[in-house]
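Working notes, beginning with the structure itself.
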Amino acid sequence: MIIPVCDEHLIDAVALLAAEIWTEHYTPIIGPRQVEYMLDKFQSSSAISKQISENFLYYIIEINDQHVGYFGLEPKNDQLFLSKLYVRSSHRGKGFGSKALEFIENLAIQQGLKKIVLTVNKHNSVTIEKYLKMGFRNIGPIVTDIGNGYVMGDFILEKFLHNSKSNTPASNMRGILDH
Ligand SMILES: CC(C)(COP(=O)(O)OP(=O)(O)OC[C@H]1O[C@@H](n2cnc3c(N)ncnc32)[C@H](O)[C@@H]1OP(=O)(O)O)[C@@H](O)C(=O)NCCC(=O)NCCS
Numbered sequence: 040m041i042i043p044v045c046d047e048h049l050i051d052a053v054a055l056l057a058a059e060i061w062t063e064h065y066t067p068i069i070g071p072r073q074v075e076y077m078l079d080k081f082q083s084s085s086a087i088s089k090q091i092s093e094n095f096l097y098y099i100i101e102i103n104d105q106h107v108g109y110f111g112l113e114p115k116n117d118q119l120f121l122s123k124l125y126v127r128s129s130h131r132g133k134g135f136g137s138k139a140l141e142f143i144e145n146l147a148i149q150q151g152l153k154k155i156v157l158t159v160n161k162h163n164s165v166t167i168e169k170y171l172k173m174g175f176r177n178i179g180p181i182v183t184d185i186g187n188g189y190v191m192g193d194f195i196l197e198k199f200l201h202n203s204k205s206n207t208p209a210s211n212m213r214g215i216l217d218h
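Here the sequence shown stands for residues 40 to 218, numbered as in the numbering used here.
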């Protein structure tokens, strides 16, 4: 089941998932201090709450009453930025990421958006392989300064959508998703 994150309790649940998954997954890639900094800046309850109040949409992936992952979306002009997609390590490789992406693509298509875009750490190799299998293509590197002396060295990946309608603005997305 995919649950829209619409209250403080669910925001706290996303922050908990993020702390668990990011600490485990990113510590070997970027080190503990950068992980701690990024969790505080981007995935604390207050940061998530602020993002939702701006333009983000968050969802939790729930299986058998258990939160097994989450994703965060940001509609931008004619594209949907897949800002976060995380499945707990115990549940990876079982199709939950693909199912979440199917849901995300349907939302984007309903809104007439043309493509899904994401960034992924250059050294996050297994994840990059999974995204390529899910139909994304790598369009090149990007380096982003995230403050405090830290940078993110990523690849930009994109996936074009078929059957997209041409003229529903992305700003209408929140209304449709609320139903
Ligand atoms: C990336 C992630 C969300 C994918 O979710 P998942 O549930 O593991 O993905 P799925 O099981 O649906 O597999 C997705 C695709 O990768 C393939 N795949 C699964 N395991 C794989 C592996 N070890 N190596 C390569 N491909 C693999 C699947 O066959 C599937 O391809 P298909 O659609 O052609 O069948 C998840 O692995 C994750 O949270 N990774 C760690 C955190 C991360 O890096 N998140 C992304 C940040 S940008």
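Using N, Cα and C, we set each Cβ at its ideal position, and we do this for glycine too.
Which residues DSSP lists as bridging N177, in chain order: L196
Bounding residues of the alpha helix (DSSP H) (the contiguous stretch that carries L78): 71–81
Minimum C-alpha distance to A58 - residue among H48, T66, L78, M40: L78
C-beta atoms of A54 and S83 nearer than 8 Å: yes
Closer than 7 Å: V182 CB and nearest ligand 1 heavy atom: no
Beta-carbon proximity check, T158 vs F194, cutoff 8 Å: yes
Coarse secondary structure for G136, derived from DSSP in three states: helix
Same chain, Cβ closer than 7 Å to S203, neighbours up to 5 away in sequence not counted: Low confidence applies to S203: its pLDDT is 49, below 50, so where it sits in the model is not reliable, and the reading given next is rough at best. Answer for S203: I148, G151, L152, K153, listed in chain order.
Inter-residue CB distance, I100 and G108 (contact presumed, cutoff 8 Å): 4 Å
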